[in-house]
Every structure is written in structure tokens, then in C-alpha cells.
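Residue numbers (our numbering): 1 to 400.
Here it is as C-alpha cells:
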């Protein structure tokens, strides 16, 4: 097959790698509008559930993929300075640029052609010149925009404000830090992703953001303000910027996923909020499902698309529903802050309705016993509904 991919992100690269390794006769080209090595952001996180999918898809590449990852088997909720550890939660972290380099080098070694600095302006002509066109061009997908009448995307802009930072302070566990200030509650999502760097994502509600004067602050002034809020957590380390501008989460869905021989993949297809699930992991699972659809239906693109959707639509819907509940929790966290630190952490872990009390007991019996002792051995909230088969309980964890 002649396969063209727009966007050299994790979805497009991983699909290209799987397809080319399975059938070297495929002619696969990837067009990326940015220069090689131009990426924004800091680190990415995979849960053990997410990594299991990658290991199953390609065990040999998997070992190469995780070779430089930072790993931990617990997380921390920091509630007004009190650290509550939650064990049985396994995470693997890496720099985004390293992940993309590993994927692109593996693709090129298999014979996939990647053209950087190439912006596509005529999608129709490109689609007419190939058997399959994959639009993995991100949350602001130009392909999705061009065919918006067909794909019928919807956008849900959430209220909280975010800014991505890095820091040399090493947060070994995935850490969620909640600080109450005169302006309101500030939240940090922090995790180490390399030997000397951590991601530090700051979240505030819009009223707190304005009261703190951050609506008028420069990038540098915002960084300094946030560093002061989290000084006890950062120690002597400062926050580092990389286009660290305030933004709101924009949750994208599409009514239709395919058009003629064009298919949306990754963030172009659907975004998953970083408070719940890794968009990177979901993108790579999309790539796996599309590849398997083509293997099952060689040369039959419509049948492959149907198989892809049958596999991924239930998982996508489940994740986005859980993400909406998670977002609601964060956006109303000020109401939860008066809770005791253990009760606060317990409420956080139950926020999506996909993690039951028994799930927590299996993961971390010590934490669960501590909560039960406070609650008099009686669950403080009704038992959570059974998670859908497409969403394992571990997926309801924070993965930025």
C-alpha cells in the first residue's frame, strides 16, 4: 500500500513503524510541518496498563522504547504540605523529545521516509495520490478543519487555566500538590522524566488566576509567581519555561472518524485531558488498532476503518466520560480542601467512578486501612459502578 501520514507525532510514527515492520513493501511517507527536533513540552507519562499495550504490539521495540524511562511504583498527593503516598500505582516517564526521537529513528531504520518542515496545503491532492491518508496532525488538526462538515468535531473548552513548566527539582513519584493561597487554590502536577528534570504543570481556576494578577502577568512573571507558591516543594530550584503560556483545556470529539481514504488519529481524533489519561498512550493505542485493522483486511481500507472504529470508539467514549468527571473534581477542588489529607486523597482516587474501594484495597491495603480507620470501616461514598471492560481501573489515574 501507499500510505501517507500528516504529522510526526506518536500516533503517526508508531503506526508507520508497525505497518512497515509487518510489510516492508508498504510505501510510507510522513510529512511534519515543524523542523526535526522542534517539540514543546517536557515529559510524558505512561501507566503500567498503557505500557502493556505497547509491549503486546511489538515486544522488541518496546524494550528499546522504555530503555531510558524513569520509573516509580507509587504516587503522592500533597495536601497543604502533608504527603500521602499511594502505592500500587506504576508509572514510566520520559522526555517527549526523546520519545519522538526513538520513534522516528526506528521508523527511518525500517525505511519510512519522514519529511520535516513540510506543511500540507492540498489535502485532496495528497489523498488522491495514496491508498491511505492518516491525519495525525494534532489537536488543531488542519485536515479535520478542512473536512469539518464531514467529521463534525465538537470542542469543550474547560474553565481552569494551565501552564507547563519544567524544573530541576526531581519529583520521583508522580506528585499532585495542592496549595491554598490568599488568591485561591493552586495545583501542581509534577513528575521526574529524566535524571535531572521534572515536568511541573500548574493549574488554577479562572477566579484565582485573576485574583493573583496572572491575567496581566508576562510569561516570566507568571513563572516567578508560581515558583513562590510552590517554594516549599521546589526547594532551591526554579521553574523553567518553554512557551509556558496560560491556556485552557480544549476537549475534542468527532462524530465521524473517517472520510473516503482519510482517517483521523491521535489528538486529531480525540483529546484526553492530562488530569486523567495520557493522550500519548491513547494515540499509540489508536495506531495499534488501525494497524491491526489493516492486517485483518489487507487492501480493504473501508473494512479496516470499520474494524478500527469498532475497537476504539468504546474505549474513547469511556475515557472521555471519566475525564469529564475528573475535570469536574479539579474545577471544584476548593470545596474538597477542608478534608483530612487521607480523606482528600481517597476522594481524589474515587473521583471518576471507575475505581472502587476494593480496587484501592488491592492496590494499597495500607492506605485503605488508614482511610477505613478514619471512616470507622464504613465507606464514606457509595460503591463506584463497575468500570467498563474497555477501561481498566488503573486508567483512572493521573497521567500528564
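The C-beta atom is built at its ideal place from N, Cα and C for all residues, glycine as well.
Using DSSP with H/G/I as helix, E/B as strand and the rest coil, what is residue i?
| i | result |
| --- | --- |
| residue 1 | coil |
| residue 421 | For the chain, the structure presents residues 1 to 400; residue 421 sits outside this window and is missing. |
| residue 266 | helix |
| residue 97 | helix |
| residue 372 | helix |
| residue 309 | helix |
| residue 77 | strand |
| residue 226 | helix |
| residue 300 | coil |
| residue 107 | helix |
| residue 378 | Per-residue confidence for residue 378 stands at a pLDDT of 49, beneath the threshold of 50, marking its modelled position as unreliable; no derived number is given. |
| residue 7 | coil |
| residue 272 | coil |
| residue 245 | coil |
| residue 137 | coil |
| residue 234 | helix |
| residue 356 | coil |
Check for me: the beta strand (DSSP E) holding residue i runs from which residue to which?
| i | result |
| --- | --- |
| residue 121 | Taken as a continuous stretch (DSSP letters only), residue 121 belongs to no beta strand (DSSP E), as it is neither H nor E. |
| residue 54 | Element bounds for residue 54: not the beta strand (DSSP E) but the alpha helix (DSSP H), 48 to 57. |
| residue 157 | 153 to 167 |
| residue 201 | 197 to 204 |
| residue 364 | It is not in any beta strand (DSSP E) - residue 364 carries neither H nor E in the DSSP assignment. |
| residue 464 | Outside the shown range of the chain, which is 1 to 400, sits residue 464, and nothing can be said about it. |
| residue 189 | 184 to 194 |
| residue 29 | 27 to 32 |
Roughly how many angstroms separate the alpha carbons of residue i and residue j, rounded to a whole number?
| i | j | result |
| --- | --- | --- |
| residue 269 | residue 29 | 20 Å |
| residue 402 | residue 204 | The requested residue 402 does not occur in the structure, where the chain is confined to residues 1 to 400. |
| residue 283 | residue 52 | 14 Å |
| residue 330 | residue 223 | 21 Å |
| residue 300 | residue 19 | 15 Å |
| residue 201 | residue 273 | 13 Å |
| residue 214 | residue 226 | 10 Å |
| residue 349 | residue 367 | 11 Å |
| residue 140 | residue 344 | 35 Å |
| residue 160 | residue 247 | 8 Å |
| residue 271 | residue 145 | 15 Å |
| residue 7 | residue 297 | 24 Å |
| residue 250 | residue 295 | 33 Å |
| residue 9 | residue 136 | 7 Å |
| residue 47 | residue 56 | 15 Å |
| residue 328 | residue 351 | 9 Å |
| residue 142 | residue 334 | 38 Å |
Here's a check: name, in chain order, each residue in its chain whose Cβ is nearer than 6 Å to the Cβ of residue i, leaving out the five neighbours to either side.
| i | result |
| --- | --- |
| residue 208 | 183, 184 |
| residue 72 | 91, 172, 173 |
| residue 2 | 27, 130, 131 |
| residue 309 | 257 |
| residue 259 | 147, 150 |
Between which two residues does the alpha helix (DSSP H) carrying residue i extend?
| i | result |
| --- | --- |
| residue 288 | 279 to 296 |
| residue 145 | 142 to 146 |
| residue 11 | 10 to 22 |
| residue 342 | 341 to 349 |
Within the same chain, show all residues whose beta-carbon is closer than 7 Å to that of residue i, passing over the 5 residues directly before and after it, in chain order.
| i | result |
| --- | --- |
| residue 256 | 150, 151, 152 |
| residue 74 | 85, 86, 87, 89, 173 |
| residue 211 | 183, 184 |
| residue 65 | 54, 102 |
| residue 346 | 371 |
Could you name the residues of the same chain whose beta carbon sits closer than 8 Å to that of residue i, not counting the 5 residues immediately before and after it, in chain order?
| i | result |
| --- | --- |
| residue 476 | A question about residue 476 goes unanswered here, because the residues of the chain that appear run from 1 up to 400. |
| residue 82 | 341 |
| residue 63 | none |
Can you confirm whether residue i, when its beta carbon is compared against all beta carbons of chain B, has any partner nearer than 8 Å?
| i | result |
| --- | --- |
| residue 4 | In summary, chain B is missing from the structure at hand, where a single protein chain is found. |
* **Segment contact, 8 Å Cβ cut-off, at least three pairs: the region 151 to 165 with the region 174 to 181** => no
* Asked: How do the region 340 to 358 and the region 93 to 100 stand: do at least 3 beta-carbon pairs fall below 8 Å, yes or no?
  -> no
* Within the chosen definition, does the region 9 to 27 reach the region 121 to 128 through at least 3 CB pairs nearer than 8 Å? -> no
* To do: Could you tell me whether the region 236 to 247 touches the region 124 to 137, using the rule of 3 or more Cβ pairs below 8 Å?
  => no
* To do: Evaluate contact between the region 192 to 200 and the region 34 to 43, counting only Cβ atoms and requiring at least three cross-stretch pairs below 8 Å.
  => yes
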